[in-house]
Amino acid sequence: MELPKLNFQETFDFKFKKDKDKFFIYDLVRKTYLLLTPEEWVRQHWVHYYLTVKAYSPSALITEKKILLNGLTKRIDLLVTEKTEPIILIECKAPQIKLTEKTFEQTARYNSIIGAKEIILTNGMQHINAYYENGQYLFYKPE
């Protein structure tokens, strides 16, 4: 299976398995193998990043949590918490998906329910970071 190299300085130790003609990747948070989709490839990079580089506990990461937005059930991709408080909401797109104002607005709508201080919109190749302060998003480049 040909996986794109994503825009992370680190190299992570992923576990894969193949069943028939499908590939799966091991999720350290849910402790199970998940179907390896392009979006899952991006999400697992962020999971590994927060566990290994930022040294968060698996219990601080919440993946694919259901939220209710305008009467519709949506799922957030990844939420980083500290003492159960939402800190960073990460919305993952497949590497070939362009990050646009429209995809950022989707993430901001999800965050209107979650209330994280920061959001990251990513396709694995490009990452858009923003803090939420005084009712608006302030974009920044991480160091």
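Per numbering that gives the first Met the number 0, residue 0 is the first one in the sequence shown, and the count goes up by one each step. Note that the Cβ used here is the ideal one computed from N, Cα and C, for glycine as well. Values in this document were obtained by computation on a predicted structure and should not be read as measured data.
Continuous beta strand (DSSP E) stretch holding residue i: start and end
| i | result |
| --- | --- |
| ILE75 | 71–81 |
| LYS65 | 60–68 |
Three-state class that DSSP yields for residue i in the structure shown
| i | result |
| --- | --- |
| LEU50 | helix |
| PHE7 | coil |
| ALA93 | coil |
| PRO85 | strand |
| GLN135 | strand |
| GLU39 | helix |
Per DSSP, the bridge partner or partners of residue i
| i | result |
| --- | --- |
| LEU27 | Per DSSP, none; premise fails for LEU27. |
| PHE15 | ILE24 |
CA nearest to the CA of residue i, picked from the options
| i | options | result |
| --- | --- | --- |
| ASN133 | GLN125, LYS116 and PRO141 | LYS116 |
| LEU34 | HIS44, VAL41, PHE23 and LEU27 | PHE23 |
| PRO85 | LYS65, ILE113 and TYR139 | ILE113 |
| GLU100 | LYS82, THR80 and ASN128 | ASN128 |
| LYS21 | PRO37, PRO94 and THR51 | PRO37 |
First through last residue of the alpha helix (DSSP H) which encompasses residue i
| i | result |
| --- | --- |
| TYR109 | 100–113 |
Exposure of residue i, with buried meaning 16 or more beta-carbon neighbours within 10 Å
| i | result |
| --- | --- |
| THR106 | buried |
| LYS92 | buried |
| PRO141 | exposed |
| GLY123 | buried |
| ARG29 | exposed |
| THR51 | exposed |
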